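In the UniProt record's numbering, the protein residues as written are 1 to 273.
Okay, so here's the structure we're looking at.
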Ligand code: ARG
């Protein structure tokens, strides 16, 4: 089997103002100290990994007072040159939405505004011609219909059931056109059945891998960038022929985020890049 890497264009946000000042998921403990400089160094290494793989990384300017803005995956959903802006569940993150929206607009994407809570690529993943859309904690089920209308891909609702895996991208990772990896127990029984139907060859992750946010991985179809602590998952992926690249984002994990959370895929703008 030959596995081809596709060049990607990513949007990232430097964690200059990273902090854990509030708790909106079970990973966040505002009483524990956070090393923002370490977070920046870990983030810079992730960015360098992408550049070394030949991907393009665009940067949005971080805004003081928005400590979670580093999680660019929550800034929007960008497919076929269309960008759907986001609406956060929690007021602490609300002001990130217009900042990302302005960036997409300036970059020339066709803009759509959300009518319901929608946390972007954190909960919306394009896989095998379907949009897998998470709900249960953040993105509202009602927004799934709008996603289908805007992007014109069949939307498959994925019901998340474990609060530690509150965004779809913490429980499922798209590896290529045909394959995903996921933690079955993070999904309702019905969603598990749907995943088995859609992806009979999927890689099943263990709780040990998911607990280090191993599924919060970024794949270009050949190379998979994932938390280095997810050793079991990395071994399974290598068995399937992927090249794995481990990164340490331990400091950002204190906010409940990993490599994918820090990375928004930009699928074609006006420049058609
Ligand atoms: N602290 C952030 C939140 O709870 C983390 C977001 C992680 N992003 C993601 N795409 N899973 O909203």
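Even glycine gets a Cβ: it sits at the ideal position worked out from N, Cα and C.
This structure is a prediction, so every number in the text was calculated from the model and none was measured.
Under the criterion of beta carbons closer than 8 Å, residue 181 and residue 233 qualify as touching, at roughly 7 Å.
In the three-state scheme derived from DSSP, where H, G and I count as helix and E and B as strand, residue 170 is classed as helix.
For the 8 Å CB-CB criterion, residue 214 and residue 71 do not form a contact.
Shown here for residue 155: same chain residues with a beta carbon closer than 7 Å to its own, the five before and five after excluded, namely 131, 133, 144, 147 and 148 in chain order.
Annotation: the continuous beta strand (DSSP E) that includes residue 246 extends over 243-247. Boundaries of the beta strand (DSSP E) around residue 10: 9-12. CA-CA distance, residue 8 to residue 120, rounds to 18 Å. DSSP, reduced to helix, strand and coil, places residue 185 within a helical segment of the structure shown. For the 8 Å CB-CB criterion, residue 67 and residue 4 do not form a contact.
By the C-beta criterion, the region 35-52 is judged not to be in contact with the region 73-89, since fewer than 3 inter-stretch pairs fall below 8 Å.
Taking 8 Å as the cut-off, the beta carbon of residue 73 is found no closer than this to the beta carbon of residue 87. Per DSSP, the beta bridge partners of residue 264 are 11. Proximity to residue 212 across 200, 223, 220 and 230 peaks at 230, based on C-alpha coordinates.
If the five residues before and after residue 165 are omitted, its C-beta is found closer than 6 Å to the C-beta atoms of 171 and 186, all from its own chain and listed in chain order.
Collapsing the DSSP output to three states places residue 118 in a strand. In this structure residue 220 is in contact with residue 6, their Cβ atoms being roughly 6 Å apart against a cut-off of 8 Å. A distance criterion of 7 Å places the beta-carbon of residue 199 beyond contact range of the ligand ARG, judged by its closest non-hydrogen atom. Residue 236 and residue 203 have their C-alpha atoms roughly 7 Å apart.
Each residue's CA atom was taken as its position, placing residue 176 and residue 266 some 16 Å apart. Boundaries of the beta strand (DSSP E) harbouring residue 159: 155-159, taken from the DSSP string.
Its Cα nearest to that of residue 167, the residue 138 stands out among 138, 150 and 129. Taking non-hydrogen atoms of the ligand ARG into account, the C-beta of residue 74 is found less than 7 Å away from one of them.
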